[in-house]
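What follows is a set of notes on a single structure, which appears directly below.
Protein chains: 2
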Amino acid sequence: MIRFSVTILGSSSATPTSERNPTSQLVNHRDKLFMIDCGEGTQVTLRKMKIHFQRINHIFISHLHGDHFYGLIGLISSMHLLGRDHELHVYGPPELQEVIDLQLKVSQTTLVYPLNFHATQCEKPELIFENNHMEVLSFPLNHRIATTGFLFREKPALRKVNKDKALEIKVPAWAYEKIRKGEDFVAEDGSIYQNSELTFDPPPPRSYAYCSDTAYYEPVIQTIKDADLLYHEATFMNDREANAKEKFHSTAAQAARIARLAGAKKLLIGHFSARYDELEPILNEAKDEFGESYLAEEGMTFSIPQLT
Amino acid sequence: MIRFSVTILGSSSATPTSERNPTSQLVNHRDKLFMIDCGEGTQVTLRKMKIHFQRINHIFISHLHGDHFYGLIGLISSMHLLGRDHELHVYGPPELQEVIDLQLKVSQTTLVYPLNFHATQCEKPELIFENNHMEVLSFPLNHRIATTGFLFREKPALRKVNKDKALEIKVPAWAYEKIRKGEDFVAEDGSIYQNSELTFDPPPPRSYAYCSDTAYYEPVIQTIKDADLLYHEATFMNDREANAKEKFHSTAAQAARIARLAGAKKLLIGHFSARYDELEPILNEAKDEFGESYLAEEGMTFSIPQLT
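Chains as they are written, first to last, in our numbering: chain A, 1 to 308; chain B, 309 to 616.
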């Protein structure tokens with residue numbers, strides 16, 4: 001199976017605790033690593049988990065509350081001190097570039113590698129990254145300051161050639177690529193084979209939606225529709241719904257409702273308030289609304305299965 | 309004994325490792341807490357050590373390399389989020405204020421407590437803090453960017469009254485304070501008692517000198533002379549002396565030589581390069597030059613004894 005997974009590096013909110021790190025996640029797609037948010041201490045978490053951080057080439061920052069980005073400058077610096085030799089791409093609100101630049105300036109650091117900054121906006125969903133196999137969209141959330149979520153979406157895979165059939169009609173090597181892309185095949189004798197005779201459907205594209213800090217906000221549903229995996233913050237429990245609303249955060253039940261309305265297959269909740277020592281009750285509130293709910297706990301990796 | 313101690317929160321250099329935190333120390337004098345440097349993750353270390361960080365009212369930053377201050381903004385933010393209600397004083401290079409202000413601005417944070425910033429300079433030693441019992445001086449070091457050390461120096465204590473003698477000559481209550489300050493005493497009958505007859509010498513003032521990142525630099529010796537405890541960086545071992553010089557760092561032997569020339573009573577070495585897994589060999593090189601050498605390892609507390 002082609003790998004597509006999410007590893008939780010931190011899931012605390014606002015202030016780190018001695019048990020839980022501030023927010024950071026690592027998306028692995030075909031062994032390419034993408035980081036989402038980077039709270040203080042993330043580089044040490046990566047080391048403890050033996051993840052080689054020079055493999056990370058793209059970092060997406062949802063917003064500029066410290067628990068989501070105070071670890072970024074340290075990671076950028078360590079990549080520099082350890083002699084990184086390839087580009088790093090950072091995506092986030094425009095002011096983040098100022099913050100990075102100023103901190104490099106005051107330490108008189110000229111990075112030994114290229115750092116490319118890509119400013120995000122909060123007006124509407126936007127394609128901000130793509131490679132051959134995946135694309136990443138940012139989309140607006142509803143928090144106290146400008147905040148985006150991120151949608152990681154596989155591109156449709158090439159069709160799978162029916163090898164028995166291809167051998168039978170002697171498809172030449174050069175034609176395979178075109179057939180995989182969906183073209184019909186014209187044999188030397190002029191007979192035409194419909195693509196559907198020659199191929200099987202590829203696995204459907206998978207997606208991971210990351211809804212960072214946000215109040216309950218239904219407009220996201222259209223963008224994250226049918227996500228195979230949805231992360232949605234769940235800072236509070238039901239009894240603090242007013243508190244959540246006031247602070248532009250969500251409750252576990254609200255996160256679960258978004259998952260249900262969006263037709264997500266699975267929900268991860270995180271960004272738990274430091275007031276909660278026990279996380280099971282938060283999970284239970286989510287499960288009451290959406291059965292396939294899980295806790296985004298440090299060190300856990302969630303694989304997104306490929307359907308055949 | 310009146311408490312005067314130094315707790316090591318971190319002693320790595322440049323990049324944190326999974327074993328060692330970047331630089332930070334906590335000075336405790338009469339149960340007042342003073343922080344020196346604040347590398348990334350320091351607030352979590354404080355939590356793990358169960359040190360209530362709202363008790364810290366003064367933070368001294370030696371220079372603006374990330375391993376000495378990337379944890380400051382997170383600590384400032386957490387103090388805010390947890391409802392701090394009293395002043396925090398931060399001392400450091402002038403650009404540090406810009407870095408703090410920008411990060412508070414982009415997160416749209418208005419601190420709930422007063423943060424007073426005090427800019428340091430690298431021209432000459434300067435008194436930057438004092439209370440009734442202690443003063444703190446900054447002094448120039450010789451690093452790649454503007455860097456200061458810090459000297460924590462007790463003020464001379466009041467003299468100790470010889471209680472037997474005082475009772476014998478019937479010193480009235482109101483006169484004690486003056487006698488402690490060194491004044492002679494004139495009895496009701498006009499007879500004069502020299503202060504030296506009535507008092508004992510107080511314990512001599514103690515001092516702690518902190519020499520953050522620096523090349524071998526003899527001009528510090530005058531300032532830190534006779535320090536009871538000296539922390540001096542020792543990034544490298546002897547075989548990398550050229551490396552140390554080029555990077556404006558010190559070797560363990562150089563740190564020890566400074567300790568010996570300054571007449572320090574005890575030396576702590578730290579800021580070890582991440583290349584060293586084993587620290588004993590570094591310590592042995594220091595001990596060859598200065599017997600009273602110790603490793604500044606995470607979690608250790610060094611008390612400065614009061615001589616009588």
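For every residue, glycine included, the Cβ atom is placed at its ideal position computed from N, Cα and C.
According to the DSSP secondary-structure assignment, A517/B is paired through a beta bridge with L459/B and L538/B. Taking 8 Å as the Cβ-Cβ cut-off, the stretch 287 to 304 of chain A has no residue approaching chain B. For the pair K463/B and E443/B, the CB atoms are nearer than the 8 Å cut-off.
Remark: C-beta atoms of R363/B and H337/B do not approach each other more closely than 8 Å.
Contacts with chain B at 8 Å (Cβ-Cβ) include S107/A.
In the structure shown, H397/B falls within a strand segment according to DSSP collapsed to helix, strand and coil. When the beta-carbon positions are compared, I258/A and A234/A stay at least 8 Å from each other. The Cβ atoms of T199/A and T147/A lie no closer than 8 Å to each other. Nearest to S370/B by C-alpha distance, out of R355/B, A427/B and N329/B, is A427/B.
In summary, the residues of the stretch 91 to 122 of chain A whose CB is separated from some CB of chain B by less than 7 Å are E95, E98, V99, L102, Q103, V106, S107 and Q108, in the order they occur in the chain. Along the stretch 356 to 378 of chain B, going in chain order, the ones with a CB nearer than 7 Å to a CB of chain A are K356, L372, H373, G374 and Y378. Separation of E98/A and Y378/B (C-alpha to C-alpha, rounded to the nearest whole angstrom) is 16 Å. Taking 8 Å as the threshold, the shortest C-beta distance from E348/B to chain A falls below it. Of all alpha-carbon atoms in K574/B, G599/B, S601/B and N546/B, the one lying nearest the alpha-carbon of Y584/B is that of N546/B. Non-local C-beta neighbours of D534/B in its own chain, meaning closer than 6 Å and more than five positions away in sequence, comprise G571, ordered along the chain. Against chain A, the CB of S326/B has a partner CB under 8 Å away; the residue lies at that interface. In the DSSP annotation of this structure, M387/B is not part of any beta strand (DSSP E); the continuous alpha helix (DSSP H) holding it starts and ends at L380 to L389. K413/B sits in a helix when the DSSP states are folded into three classes. Of the residues assessed, V494/B falls on the exposed side of the cut-off, its CB having fewer than 16 other CB atoms within 10 angstroms. Under a criterion of Cβ atoms nearer than 7 Å, the residues of chain A adjacent to G382/B are, in order, E40, G66 and Y70. Per DSSP, reduced to three states, the secondary structure at D239/A is helical.
In summary, Q530/B is exposed, with fewer than 16 beta-carbon neighbours lying within 10 Å of its beta-carbon over all protein chains present. Between N162/A and F139/A, the alpha-carbon positions lie close to 39 Å from each other. Between L267/A and F290/A, the gap from beta carbon to beta carbon is short of 8 Å. Judged by DSSP in its simplified three-state form, K160/A adopts strand. Look at T323/B: its C-beta is under 8 Å from a C-beta on chain A. By the C-beta density criterion, Q416/B is exposed, having fewer than 16 other C-beta atoms within 10 angstroms. Around S212/A, no beta-carbon contact reaches into chain B at under 7 Å, the shortest distance being about 14 Å. Not flagged as an interface residue toward chain A: L396/B, since no C-beta distance is shorter than 8 Å.
In summary, the residues of the stretch 140 to 165 of chain A whose CB is separated from some CB of chain B by less than 9 Å are R144 and I145, in the order they occur in the chain.
DSSP places D37/A inside the beta strand (DSSP E), whose first and last residues are K32 to C38. Bounds of the beta strand (DSSP E) holding T301/A are T301 to S303. In this structure, the alpha-carbon of E554/B lies about 24 Å from that of L603/B. By the Cβ neighbour-count rule, M1/A is exposed, with fewer than 16 other Cβ atoms within 10 Å of its own. P324/B sits in coil when the DSSP states are folded into three classes, being neither helix nor strand.
If the five residues before and after Y518/B are omitted, its C-beta is found closer than 6 Å to the C-beta atoms of I344, G457, F458 and Y539, all from its own chain and listed in chain order.
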